Every structure is written in C-alpha cells, then in structure tokens.
Ligand code: ZN
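Numbering (the numbering used here), first residue to last: 9 to 508.
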C-alpha cells in the first residue's frame, strides 16, 4: 500500500473517532438525555462537529487527495478506493467553500431550531418555530450559493440527499405517479371501508416492546451489531456496519404503527449491517443516498410487512406476546394494515396516501426555494394542499405543518427521497420476482431470508459505491419509472376494495 493511502487511512480513523462521539451525543440527546442536559450536549456537539469539519476541509487532506488523484498513485488504487478518493474530493471542494464561521452559525441555528420545534409541537404553536425556520432557510440559501454555485438551490438540495437524481427526473416520475394515484385514491376512499372499531383498545407497552423484538429478529436484524432505544420520532443511527441502532415510539392507543416503525427502521438497519465490511470506516461504508436507503426500509415495511403472507408464519406468536390481538383474526389484521384513509399524519399514513403526503411536502419546498414563499404563508399553503389531495384540513399546527422534524434540522430536499424509495421498490419487486419467484409464496413459506439475501446481494453490500441511477440500471435494467409501483397498488387494492 502506498504511503499516501496509509496517510489517508490515518485521517479517516481520526475522523471516525470524532464521528462516533457526535453520533453518540445525538443518540443520547434523542433518547435518554434529561431536559437540563441540553446545553452541555449542544456545546459539545458544536465543538466536535467543528473539529471534524476542520479536518475534512484541511489543506493537509486537500493536498493528500490531490496527490492520490495523480496517475502514479491513482493507478495503484482499487475501484473502492478510487470511488472513495473521488467522493471525498468532491465533498471537500464543496465544504471548503463554507467559511468556518458560517458553518458554526449553521450548526448552532440547527440545534436551536430542533429545540424550538419540539417546544412548538408540544404547544401546537407554529409561531414558536417559524423564526427559527426562516433563519435556517436563509442560512441554507447562503451555504448552497457557496457550495453549489452552478446549481439552482432546490436542485442542489435534492442532490445532497439523492446524488444524481435531478429534479427533471423527480418531476417526471412524481407526475407519472400522481396522475395514476389520484383517481385510484378517489375510488378507494369512495368504496366501502372496513370496520376498524375492534382495534380501538389499549395495548400494553411492554408487550409492544416484545413484539418489536420478535419482528426485528424475524426480518433479520443482527442483535450483535445493533440495539434499540425510544425517542419522540423513530430513527436509525449507523455508527458502523457493526453498530446500527434503531428507535421507536410506543403508545397505548395504537400497537400497529410501532410494529411498522420497527419493520421500517429495521429495514434501514439491515441495509447498514450488510454493507461489505471491507468498506467499514470509509465514506463508502454506509449509504448516504436516502432514496435508495428508504427503498430498503419501505421494502420491508410495505412490500413485505403489509403483505398478509408476511404474517402467516408469525401471527400466532404476535398474539401470544400481545394478547390484545387474540380475538383479531389474521384476515382482520391484514385488512386493517391495508386500510386506506384520508389522514393528517404522514408517518401513520397507509402506503397509498403516503405518496400524496410526500408530494405535498415536495411542492411546499419548491414554493419556499423556487417561488420565495415566506414562512408565515406556509401553514395556509400546507392546509390548502391537504384539502386538495385528501379532502381534509388539519385542526391545528401539531397535526399540520409541525408534524415532521425534518425542517427543524435544515433537512430541506429530504422528503422526496421517501417517495423515490417507494418508486424504486416497485421496480425492485419486479426484478426480484423475475429472479427468485413469487414474494407471496416465499413469505407464506417463511423464506424471508431468501428475500433478504437478494437485497443483500444486489443492493446492501455495495454501500454507496453505486449511485442511485446506477443501482436502478444494474438491478432493474432500466431508468426510474413509477409504473411498477402503480401496478402493485392497483392489483393489491383492487382486491381489498373490490374495485373494477
Ligand atoms: Zn426511513
């Protein structure tokens, strides 16, 4: 190995130590930190993130990456290291355009806004959060103008979360989906709805934790490389392929949402746990293309978890752990997890209307960054679109514009990746069935391991060494299209809702 590559590995090891501290602080803040611990955590986070940023943007690393890109060094690198050096160079060039002072201001604003959002949501009062949101929008514009001077701001934001997936492609496939989906949602909502009164009961919280354990184990979460916690909003945290954590939020009045959160976050975790270990500790060792990531969590959650066959081998065990389900048959349960409703909350939405929740956010973000719509106008815009797509209007800010945490940490351009994930899933399902046969049959026979194996082989092990468009071409042999997802929705819901 060349001296230069050894040096790069040393710097990466240094960065990994700082990242580990930052991630643990984040984990702690979100899960068990007492309220008064906030100041200390926020200060430490700012310190360690700034420290990592300094190394990432240092002249030393800049020169080293330049050296490694010269033919005599470059030619000695294997494909993975070529990818890593190229990725680091691109990111570094962008980061180096951000003055340290601006970066610190951004991190501080982010931390403050996260806290304000939590307070605002609790009080259901958007005015507590809106000045922080306005500040984050301005800072985001300031940062992007420096890092991506060649790109329009919203395009640059999309590119941050799903590299290479431009807004022209996203507009095309979202439109394709919206045109097919709106009439389908209308006929579903007009059809006879199942009786869900049986589900309206109290569910023991400890039993829910046990069911989560069963589900994570069943789908293949590796407990030697992962752990669980509880937070206001479920998330997955990837420290390395050997330490991947998921959280959940349990409530007494609903045991089904947490089951699907567990399967969803479990899908994210299984991806990270199965990246080729040779990529550990490098920028290719995790996947930072969020659309591709969401495709994996949503494949487990929806394509598998909302299929009645998924539950056939385990439903009796679920009933034993959570006796509140004892008088609910598997058919009734399957009917309920595929119950399509016009509802306010994205994270609790069924897989069909979920798509419209995301399209709404995509359009609101375009309004902010392309049309310059101000923060004061956003709640009304939000409510108008809810009415237009789902025929309902939020009663307050908490169930409207404040429901998601994403904008509180400046994650603009993130929401579309959820829908990209579902669109990719339609494509992956088609490719998978062509290769290993009917998913219904595999699930009913308890062979979920074969399905996971296909995902491991075709997607997980590569980490982020394949860009999203490349993944689609390699795995599905074609460009992004919403048609397979629409076909999946039409066939599945025609049965559940007796549609013609
Ligand atoms: Zn997710």
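Glycine included, C-beta positions come from ideal geometry on N, C-alpha and C.
Note that the structure is a prediction, hence the values are computed from the model and not measured.
Per-residue burial, residue i [other beta carbons within 10 Å of its own, 16 or more giving buried]
{"i": "residue 135", "result": "exposed"}
{"i": "residue 319", "result": "buried"}
{"i": "residue 485", "result": "exposed"}
{"i": "residue 449", "result": "exposed"}
{"i": "residue 231", "result": "exposed"}
{"i": "residue 369", "result": "buried"}
{"i": "residue 9", "result": "exposed"}
{"i": "residue 277", "result": "buried"}
{"i": "residue 269", "result": "buried"}
{"i": "residue 143", "result": "buried"}
{"i": "residue 225", "result": "exposed"}
{"i": "residue 399", "result": "exposed"}
{"i": "residue 275", "result": "buried"}
{"i": "residue 36", "result": "exposed"}
{"i": "residue 465", "result": "exposed"}
C-beta atoms of residue i and residue j nearer than 7 Å
{"i": "residue 309", "j": "residue 207", "result": "no"}
{"i": "residue 254", "j": "residue 280", "result": "no"}
{"i": "residue 169", "j": "residue 418", "result": "no"}
{"i": "residue 228", "j": "residue 469", "result": "no"}
{"i": "residue 476", "j": "residue 159", "result": "no"}
{"i": "residue 490", "j": "residue 329", "result": "no"}
{"i": "residue 426", "j": "residue 302", "result": "yes"}
{"i": "residue 65", "j": "residue 103", "result": "yes"}
{"i": "residue 295", "j": "residue 471", "result": "yes"}
{"i": "residue 93", "j": "residue 76", "result": "yes"}
{"i": "residue 297", "j": "residue 171", "result": "yes"}
Nearest candidate by alpha-carbon position, reference residue i, set the options
{"i": "residue 384", "options": "405, 262 and 187", "result": "405"}
{"i": "residue 119", "options": "414, 425, 185 and 508", "result": "414"}
{"i": "residue 479", "options": "151, 299 and 232", "result": "299"}
{"i": "residue 56", "options": "38, 32 and 41", "result": "32"}
{"i": "residue 83", "options": "444, 13 and 311", "result": "13"}
{"i": "residue 51", "options": "112, 399 and 72", "result": "112"}
{"i": "residue 178", "options": "143, 149 and 367", "result": "367"}
{"i": "residue 204", "options": "21, 105, 348 and 16", "result": "348"}
{"i": "residue 411", "options": "249, 158 and 356", "result": "356"}
{"i": "residue 373", "options": "387, 502, 314 and 360", "result": "387"}
{"i": "residue 359", "options": "313, 165 and 377", "result": "313"}
{"i": "residue 162", "options": "11, 126, 407 and 371", "result": "371"}
Local conformation of residue i per DSSP, three classes
{"i": "residue 155", "result": "helix"}
{"i": "residue 166", "result": "helix"}
{"i": "residue 29", "result": "helix"}
{"i": "residue 283", "result": "coil"}
{"i": "residue 177", "result": "helix"}
{"i": "residue 75", "result": "helix"}
{"i": "residue 253", "result": "strand"}
{"i": "residue 236", "result": "strand"}
{"i": "residue 259", "result": "strand"}
{"i": "residue 244", "result": "strand"}
{"i": "residue 351", "result": "coil"}
{"i": "residue 474", "result": "coil"}
{"i": "residue 372", "result": "helix"}
{"i": "residue 422", "result": "coil"}
{"i": "residue 208", "result": "coil"}
{"i": "residue 291", "result": "coil"}
{"i": "residue 449", "result": "helix"}
{"i": "residue 479", "result": "helix"}
(request) Would you list the residues whose beta-carbon is nearer than 6 Å to any heavy atom of the ligand ZN, in the order they occur in the chain? (result) 272, 276, 302 and 305
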